[in-house]
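In the working numbering, the protein residues as written are 1 to 378.
Right, one structure below, let's go through it.
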């Protein structure tokens with residue numbers, strides 16, 4: 001069977017998306033909605049109220065056993081020994097040269113039990129890498145539970161109010177990047193995590209992946225959020241939201257050709273902990289003076305949209321690099337982008353030029369993230 005003939009994988013909510021006439025696209029081999037109600041409307045719903053995403057295409061790898069902490073420490077760059085039970089953190093699996101296998105969220109289920117949530121388009125590669133890297137270690141059992149769960153992301157300033165209608169768990173007690181187990185929509189032992197990929201407050205819930213259950217919970221979430229104007233959201237809004245929030249996307253800001261220090265994620269690489277895959281390379285890069293290029297935020301000064309892959313030049317015409325992600329910002333009402341440029345061009349307000357349809361359009365370096373939600377006041 002040729003690559004073009006391989007059928008797209010479906011989530012348990014695929015029929016729901018198609019019945020709602022959502023626009024579907026191939027995303028990493030998955031048949032996924034790119035938009036459900038219109039990208040801008042979905043984006044603004046999440047920024048101002050609440051939206052719900054089907055993110056069941058994400059992967060879930062469990063490491064279990066007395067050797068699980070040692071395995072996570074070898075596999076991932078952050079320091080999992082600092083996690084308490086019920087806590088999660090951002091991390092990444094690296095190749096020996098310090099570039100990305102994938103970025104991940106590590107959850108500590110118990111002292112001998114960790115759940116690693118991985119990206120959709122890299123699922124098979126990631127599972128293979130995990131088995132190859134730590135499968136030989138004693139006291140750890142690796143399970144790929146990716147297809148066991150439907151994962152829903154309920155995101156936005158009214159996310160807690162929406163989900164609270166569907167659970168007896170007091171959501172106010174769950175801090176950012178913590179999780180618990182509770183009853184949701186009548187389902188027992190649902191994992192409820194205060195995590196997300198939008199730059200907003202919100203939750204991700206993990207429910208059984210059978211179609212009837214998934215469709216019922218999806219419908220109940222939409223009903224619970226109706227008074228707040230909840231919208232079903234697709235990949236398009238997910239992308240513009242994470243771009244505004246300055247969050248990396250695999251294949252764009254991070255990849256097997258980009259190292260952690262270039263990506264500005266060095267704060268998550270705990271070089272002081274015992275050896276992990278990629279550590280020696282990062283230490284060597286730092287010892288040599290640091291990376292030669294870094295990821296920056298760009299805001300277009302002149303009229304034009306810097307899209308993914310567009311070339312970035314100095315104002316003198318020297319080629320600097322390429323835009324990794326770029327789009328109009330629905331909330332900020334600006335044209336924004338992220339790009340890798342040499343370190344000498346990373347100072348704030350440095351002017352550069354983006355080639356757009358043969359024309360040089362000015363942009364300037366601005367801080368990341370472009371958008372940061374306001375902290376709640378008492």
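Glycine residues also receive a C-beta, built at the ideal position from the N, C-alpha and C atoms.
Leaving aside the five residues before and after residue 339 along the sequence, list all residues of the same chain whose C-beta is less than 7 Å from its C-beta, in chain order. 296, 298, 312, 321, 322, 323 and 324
State buried or exposed for residue 378, treating a residue as buried only when at least 16 other CB atoms are found within 10 Å of its CB. Here residue 378 scores only 42 on pLDDT, less than 50, and its place in the model is too uncertain to base an answer on.
Between the C-alpha atoms of residue 138 and residue 67, what's the straight-line distance to the nearest angstrom? 6 Å
CB-CB under 6 Å to residue 59, same chain, minus the five flanking residues each way: which ones, in chain order? 118, 123 and 146
Roughly how many whole angstroms lie between the Cα atoms of residue 289 and residue 52? 44 Å
Whole angstroms is fine: what's the gap from residue 215's alpha carbon to residue 21's? 15 Å
How far does the beta strand (DSSP E) with residue 379 in it extend, from its first residue to its last? Nothing can be reported for residue 379: it is not among the residues displayed for the chain, which extend from 1 to 378.
Count the other C-beta atoms from every protein chain shown that fall within 10 angstroms of the C-beta of residue 143, then say buried if there are 16 or more, exposed otherwise. exposed
Would you kindly work out how many angstroms separate the C-alpha atoms of residue 227 and residue 36, rounded to a whole number? 19 Å
CA-to-CA distance, residue 72 to residue 88, given in whole angstroms: 13 Å
Nearest-angstrom Cα distance between residue 188 and residue 34? 31 Å
My output table needs one value for residue 43: the three-state DSSP class, helix, strand or coil. helix
Exposed or buried, which one is residue 367 when buried takes at least 16 other CB atoms within 10 Å? exposed
Using 8 Å as the threshold, is the region 88–106 in touch with the region 39–49, meaning 3 or more CB pairs across them? no
How big is the Cα-Cα spacing for residue 416 and residue 191? Past the boundaries of the shown model lies residue 416; the chain is included only from 1 to 378, so the question cannot be answered.
Per DSSP, what kind of secondary structure is residue 362 in: helix, strand or coil? strand
Using DSSP bridges, identify the partner residues of residue 87. 178
Which residues in the same chain as residue 396 place their Cβ atom closer than 6 Å to its Cβ, once the five residues preceding and following it in sequence are excluded? With the chain covering only 1 through 378, there is no way to say anything about residue 396.
Would you say the region 149–163 touches the region 219–239, given that touching needs at least three Cβ pairs under 8 Å? yes
When you compare only the Cα positions, how much space is there between residue 207 and residue 184? 9 Å
Contact check, residue 63 vs residue 140, beta carbons under 8 Å: yes
If you count every other CB in all the chains shown that lies within 10 Å of the CB of residue 344, and 16 or more means buried, which is it? exposed
Can you give the Cα-Cα distance for residue 2 and residue 257, rounded to whole angstroms? In this prediction, residue 2 scores a pLDDT of 41, lower than 50, which makes its location untrustworthy; the coordinate-derived value is nonetheless stated afterwards. For residue 2 and residue 257, the distance between alpha carbons rounds to 27 Å.
What residue from 54, 80 and 235 has the CA that sits closest to residue 271's CA? 80
C-beta contact flag for residue 180 and residue 169 at 8 Å: yes
Could you check the C-alpha separation between residue 243 and residue 249 for me, to the nearest Å? 9 Å
Residues bridged to residue 152 (per DSSP): 54 and 205
Counting C-beta neighbours from all protein chains within 10 Å, is the total for residue 78 16 or more, i.e. buried, or is it exposed? buried
Check for me: the alpha helix (DSSP H) holding residue 132 runs from which residue to which? 123–134
Residues near residue 319 by beta carbon distance below 7 Å, same chain, minus five either side: 311 and 313
For residue 324, the first and last residue of its enclosing beta strand (DSSP E): 319–329
Residue 341 versus residue 260 - alpha carbon distance: 15 Å
In three-state DSSP terms, what is residue 293? strand
Could you tell me the boundaries of the beta strand (DSSP E) in which residue 282 lies? From DSSP, residue 282 is part of no beta strand (DSSP E) but of the alpha helix (DSSP H) over 279–287.
Spell out the partners DSSP gives residue 33 in its beta bridges. 24
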